[in-house]
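Working notes, beginning with the structure itself.
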Amino acid sequence: SGKGRIPNITPAALQWSLEEIADYLETGLTPDFDVVGGSMAKVVDNLAKLSPEDRLAIAQYLKALPSIPTP
1269 SGKGRIPNIT PAALQWSLEE IADYLETGLT PDFDVVGGSM AKVVDNLAKL SPEDRLAIAQ
1329 YLKALPSIPT P
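Under our numbering, read the sequence shown as residues 1269 to 1339, first letter to last.
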């Protein structure tokens, strides 16, 4: 872990669907099959243990956040 990238998952940077965000939180794979990296790898390890409904709720929350530009 730690060698992939950590994408900006606010609506400013990504147009991922709720299901794509929830899948990312479970698998660590982006829709274009890039792999999660850095400190996010441990987060995904823990989020994968949640129910699909909980991950979908997190995805809904993330989609509702104000956009933050990618630095």
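Beta carbons: idealized from backbone N, C-alpha and C, even for Gly.
This one's a predicted model, so the numbers in the text were calculated from it and none came from an experiment.
In the same chain as GLY1296, and ignoring 5 residues on each side of it, the C-beta atoms closer than 7 Å to its own belong to VAL1303, VAL1304, ALA1309 and VAL1312, in chain order. As computed with DSSP, VAL1311 is found in no beta bridge at all. A straight-line Cα-Cα distance of about 18 Å links LEU1315 and SER1285.
Around the beta carbon of ALA1332, fewer than 16 other beta carbons sit within 10 angstroms, so the residue counts as exposed.
Secondary-structure assignment with DSSP links LEU1297 through a beta bridge to VAL1303. With respect to the 8 Å criterion, ALA1325 and ILE1289 are not classified as neighbours on the basis of their beta carbons.
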